[in-house]
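Below is one structure; the comments refer to it alone.
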(Lines of atoms letter the chains of each structure in order from A and count residues from 1; the text may use other names and numbers.)
(Lines give C-alpha, C1' and ligand atoms only; values in the text may rest on other atoms or scores of the structure.)
Protein backbone atom coordinates (compact mmCIF):
# COMPACT_ATOMS: atom_id res chain seq x y z
CA UNK A 1 0.00 0.00 0.00
CA UNK A 2 2.83 2.39 0.91
CA UNK A 3 4.46 1.77 -2.47
CA UNK A 4 1.13 2.39 -4.26
CA UNK A 5 0.68 5.71 -2.43
CA UNK A 6 4.24 6.67 -3.37
CA UNK A 7 3.38 6.22 -7.06
CA UNK A 8 0.33 8.54 -7.00
CA UNK A 9 2.46 11.64 -7.74
CA UNK A 10 3.97 9.81 -10.73
CA UNK A 11 0.61 9.22 -12.37
CA UNK A 12 -0.42 12.82 -11.70
CA UNK A 13 2.83 14.30 -13.02
CA UNK A 14 2.80 12.31 -16.26
CA UNK A 15 -0.72 13.53 -16.97
CA UNK A 16 0.37 17.17 -16.59
CA UNK A 17 1.21 19.30 -19.61
CA UNK A 18 4.84 19.78 -18.57
CA UNK A 19 8.22 19.59 -20.29
CA UNK A 20 9.55 17.44 -17.42
CA UNK A 21 7.28 15.33 -15.17
CA UNK A 22 10.13 14.73 -12.72
CA UNK A 23 10.64 18.48 -12.27
CA UNK A 24 6.90 18.74 -11.59
CA UNK A 25 7.16 16.05 -8.89
CA UNK A 26 10.18 17.69 -7.24
CA UNK A 27 8.43 21.07 -7.24
CA UNK A 28 5.45 19.55 -5.40
CA UNK A 29 7.82 17.72 -3.04
CA UNK A 30 9.55 20.98 -2.15
CA UNK A 31 6.22 22.72 -1.57
CA UNK A 32 5.23 19.91 0.81
CA UNK A 33 8.60 20.12 2.59
CA UNK A 34 8.30 23.88 3.06
CA UNK A 35 4.78 23.50 4.42
CA UNK A 36 6.02 20.88 6.90
CA UNK A 37 9.02 23.03 7.76
CA UNK A 38 6.85 25.87 8.99
CA UNK A 39 4.20 23.59 10.51
CA UNK A 40 6.32 21.05 12.41
CA UNK A 41 10.09 21.53 12.09
CA UNK A 42 10.04 25.13 13.29
CA UNK A 43 9.50 23.81 16.85
CA UNK A 44 11.89 20.86 16.51
CA UNK A 45 14.94 21.16 18.80
CA UNK A 46 17.05 18.99 16.49
CA UNK A 47 16.21 21.24 13.53
CA UNK A 48 17.31 24.28 15.53
CA UNK A 49 20.59 22.56 16.39
CA UNK A 50 21.21 21.63 12.77
CA UNK A 51 21.02 25.32 11.84
CA UNK A 52 24.48 25.62 13.39
CA UNK A 53 26.01 23.95 10.34
CA UNK A 54 23.23 23.96 7.73
CA UNK A 55 21.16 26.63 6.04
CA UNK A 56 19.45 27.21 2.68
CA UNK A 57 20.91 28.07 -0.71
CA UNK A 58 19.97 31.39 -2.35
CA UNK A 59 17.34 29.75 -4.58
CA UNK A 60 15.58 28.03 -1.70
CA UNK A 61 15.84 31.06 0.58
CA UNK A 62 13.96 32.98 -2.13
CA UNK A 63 11.38 30.19 -2.17
CA UNK A 64 10.96 30.48 1.60
CA UNK A 65 10.70 34.26 1.30
CA UNK A 66 7.88 33.85 -1.22
CA UNK A 67 5.99 31.59 1.21
CA UNK A 68 3.20 33.16 3.24
CA UNK A 69 4.64 32.34 6.69
CA UNK A 70 6.98 35.29 7.26
CA UNK A 71 6.86 34.75 11.05
CA UNK A 72 8.19 31.19 10.76
CA UNK A 73 10.93 32.29 8.37
CA UNK A 74 11.91 35.12 10.72
CA UNK A 75 12.37 32.57 13.53
CA UNK A 76 14.64 30.45 11.31
CA UNK A 77 16.71 33.43 10.20
CA UNK A 78 16.97 34.59 13.81
CA UNK A 79 18.46 31.21 14.79
CA UNK A 80 20.97 31.34 11.93
CA UNK A 81 22.08 34.83 12.95
CA UNK A 82 22.38 33.80 16.61
CA UNK A 83 24.53 30.78 15.70
CA UNK A 84 26.76 32.96 13.53
CA UNK A 85 27.19 35.56 16.28
CA UNK A 86 28.08 32.76 18.70
CA UNK A 87 30.83 31.58 16.32
CA UNK A 88 32.20 35.10 16.03
CA UNK A 89 32.34 35.43 19.82
CA UNK A 90 34.31 32.16 20.02
CA UNK A 91 36.78 33.39 17.42
CA UNK A 92 37.19 36.69 19.24
CA UNK A 93 37.95 34.87 22.50
CA UNK A 94 40.63 32.85 20.69
CA UNK A 95 42.19 36.04 19.32
CA UNK A 96 42.31 37.52 22.83
CA UNK A 97 44.29 34.60 24.28
CA UNK A 98 47.64 35.84 25.74
CA UNK A 99 50.80 35.24 23.75
CA UNK A 100 51.44 31.59 22.85
CA UNK A 101 54.29 29.95 20.91
CA UNK A 102 54.01 30.64 17.18
CA UNK A 103 52.61 27.17 16.51
CA UNK A 104 49.65 27.91 18.78
CA UNK A 105 49.27 31.60 18.02
CA UNK A 106 45.63 32.72 17.93
CA UNK A 107 45.77 33.86 14.30
CA UNK A 108 47.28 30.52 13.24
CA UNK A 109 44.53 28.67 15.07
CA UNK A 110 41.84 30.77 13.38
CA UNK A 111 43.49 30.30 9.98
CA UNK A 112 43.44 26.53 10.46
CA UNK A 113 39.81 26.58 11.55
CA UNK A 114 38.78 28.56 8.47
CA UNK A 115 40.86 26.43 6.12
CA UNK A 116 39.28 23.29 7.55
CA UNK A 117 35.72 24.56 7.51
CA UNK A 118 35.72 27.06 4.65
CA UNK A 119 32.36 25.93 3.29
CA UNK A 120 30.77 26.15 6.72
CA UNK A 121 31.32 29.91 6.76
CA UNK A 122 30.23 30.53 3.19
CA UNK A 123 26.45 30.78 3.49
CA UNK A 124 25.94 29.89 -0.18
CA UNK A 125 28.13 26.79 0.12
CA UNK A 126 26.86 25.43 3.43
CA UNK A 127 24.56 22.39 3.14
CA UNK A 128 21.02 23.34 2.17
CA UNK A 129 18.13 21.46 3.81
CA UNK A 130 15.96 21.69 0.71
CA UNK A 131 18.72 20.75 -1.74
CA UNK A 132 19.48 17.60 0.24
CA UNK A 133 15.78 16.72 0.57
CA UNK A 134 15.14 17.37 -3.14
CA UNK A 135 18.15 15.32 -4.24
CA UNK A 136 17.03 12.34 -2.15
CA UNK A 137 13.46 12.67 -3.45
CA UNK A 138 14.68 13.02 -7.04
CA UNK A 139 16.61 9.74 -6.93
CA UNK A 140 13.75 7.93 -5.16
CA UNK A 141 11.17 9.10 -7.68
CA UNK A 142 13.44 8.38 -10.66
CA UNK A 143 13.81 4.80 -9.42
CA UNK A 144 10.03 4.55 -8.89
CA UNK A 145 9.35 5.81 -12.43
CA UNK A 146 11.57 3.09 -13.89
CA UNK A 147 10.09 0.36 -11.67
CA UNK A 148 6.53 1.43 -12.47
CA UNK A 149 7.36 1.54 -16.18
CA UNK A 150 8.75 -2.00 -15.93
CA UNK A 151 5.64 -3.52 -14.33
CA UNK A 152 2.68 -1.45 -15.55
CA UNK A 153 1.71 -1.30 -19.23
CA UNK A 154 -0.70 1.61 -18.68
CA UNK A 155 2.09 3.67 -17.15
CA UNK A 156 4.37 2.68 -20.05
CA UNK A 157 1.87 4.21 -22.45
CA UNK A 158 1.56 7.35 -20.32
CA UNK A 159 5.36 7.59 -20.05
CA UNK A 160 5.92 7.25 -23.77
CA UNK A 161 3.38 9.99 -24.55
CA UNK A 162 4.76 12.65 -22.21
CA UNK A 163 6.83 15.62 -23.41
CA UNK A 164 10.17 14.19 -22.34
CA UNK A 165 12.42 15.49 -19.57
CA UNK A 166 14.81 18.29 -18.74
CA UNK A 167 18.42 17.43 -19.59
CA UNK A 168 19.37 16.66 -15.99
CA UNK A 169 16.47 14.27 -15.35
CA UNK A 170 16.78 12.58 -18.74
CA UNK A 171 20.36 11.53 -17.95
CA UNK A 172 19.40 10.63 -14.39
CA UNK A 173 16.71 8.23 -15.65
CA UNK A 174 19.09 6.61 -18.14
CA UNK A 175 21.70 6.23 -15.39
CA UNK A 176 19.22 4.77 -12.89
CA UNK A 177 17.90 2.37 -15.54
CA UNK A 178 21.40 0.85 -15.87
CA UNK A 179 21.25 0.09 -12.16
CA UNK A 180 17.67 -1.21 -11.96
CA UNK A 181 17.05 -2.96 -15.28
CA UNK A 182 18.94 -5.42 -17.42
CA UNK A 183 18.78 -7.29 -20.70
CA UNK A 184 15.87 -6.69 -23.11
CA UNK A 185 13.99 -4.61 -20.53
CA UNK A 186 16.88 -2.16 -20.17
CA UNK A 187 17.24 -1.93 -23.94
CA UNK A 188 13.51 -1.28 -24.38
CA UNK A 189 13.46 1.42 -21.70
CA UNK A 190 16.50 3.21 -23.12
CA UNK A 191 15.17 3.05 -26.67
CA UNK A 192 11.78 4.41 -25.57
CA UNK A 193 13.36 7.18 -23.49
CA UNK A 194 15.85 8.26 -26.16
CA UNK A 195 13.11 8.28 -28.80
CA UNK A 196 10.80 10.25 -26.50
CA UNK A 197 13.52 12.81 -25.75
CA UNK A 198 14.64 13.23 -29.36
CA UNK A 199 11.08 13.68 -30.65
CA UNK A 200 10.28 16.30 -28.04
CA UNK A 201 13.53 18.19 -28.54
CA UNK A 202 12.69 18.36 -32.24
CA UNK A 203 9.18 19.59 -31.39
CA UNK A 204 10.60 22.30 -29.16
CA UNK A 205 13.26 23.25 -31.69
CA UNK A 206 10.61 23.62 -34.41
CA UNK A 207 8.55 25.86 -32.12
CA UNK A 208 11.63 27.93 -31.28
CA UNK A 209 12.51 28.31 -34.97
CA UNK A 210 9.02 29.66 -35.63
CA UNK A 211 9.44 32.01 -32.65
CA UNK A 212 12.67 33.28 -34.27
CA UNK A 213 10.95 33.72 -37.63
CA UNK A 214 8.31 35.90 -36.00
CA UNK A 215 10.99 38.58 -35.59
CA UNK A 216 11.25 38.77 -39.37
CA UNK A 217 8.87 41.38 -40.83
CA UNK A 218 7.84 38.85 -43.47
CA UNK A 219 6.15 36.73 -40.76
CA UNK A 220 4.86 39.54 -38.58
CA UNK A 221 1.21 38.89 -39.43
CA UNK A 222 1.52 35.10 -39.24
CA UNK A 223 0.02 33.31 -36.22
CA UNK A 224 2.27 32.38 -33.30
CA UNK A 225 0.79 28.87 -33.10
CA UNK A 226 2.38 27.23 -30.02
CA UNK A 227 5.64 29.17 -30.20
CA UNK A 228 4.84 32.22 -28.07
CA UNK A 229 6.32 30.71 -24.87
CA UNK A 230 8.72 28.34 -26.64
CA UNK A 231 11.85 30.22 -25.56
CA UNK A 232 10.97 29.81 -21.88
CA UNK A 233 10.08 26.14 -22.38
CA UNK A 234 13.35 25.49 -24.21
CA UNK A 235 15.34 27.03 -21.35
CA UNK A 236 13.28 24.97 -18.90
CA UNK A 237 14.13 21.84 -20.92
CA UNK A 238 17.83 22.73 -20.66
CA UNK A 239 17.93 23.81 -17.00
CA UNK A 240 14.90 22.16 -15.40
CA UNK A 241 13.02 23.26 -12.30
CA UNK A 242 15.01 26.43 -11.63
CA UNK A 243 13.13 28.05 -14.55
CA UNK A 244 9.47 28.96 -14.08
CA UNK A 245 7.34 27.53 -16.91
CA UNK A 246 4.33 29.69 -16.12
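Residue numbers (our numbering): 12 to 257.
Beta carbons are placed, not taken as given, at the ideal position from N, Cα and C, and that holds for glycine.
For residue 28, there is no enclosing alpha helix (DSSP H), since its DSSP letter is neither H nor E.
Secondary structure at residue 46: helix, using DSSP grouped into helix, strand and coil. Between residue 222 and residue 33, the gap from beta carbon to beta carbon reaches 9 Å or more. With contacts defined as CB atoms closer than 9 Å, residue 144 and residue 230 fail to qualify as a contacting pair.
Of all alpha-carbon atoms in 101, 95, 151, the one lying nearest the alpha-carbon of residue 137 is that of 95.
For the pair residue 166 and residue 173, the Cα-to-Cα distance works out to about 11 Å. Annotation: residue 233 to residue 219 spans about 15 Å, alpha carbon to alpha carbon. A distance below 7 Å between beta-carbons, with the five flanking residues on each side excluded, links residue 236 to the following residues of its chain, in chain order: 221. Following the DSSP letters along the chain, one finds residue 149 inside the alpha helix (DSSP H) bounded by residues 140-162. Counting only residues of its own chain and dropping the five nearest sequence neighbours on each side, residue 139 has a CB closer than 8 Å to the CB of 65, 66, 67, 68, 71. Residues 153 of the same chain have their beta carbon placed closer than 6 Å to that of residue 183, with the five preceding and five following residues left out of the count. For the options 226, 242, 73, 244, the alpha carbon positioned closest to that of residue 141 is the one of 73.
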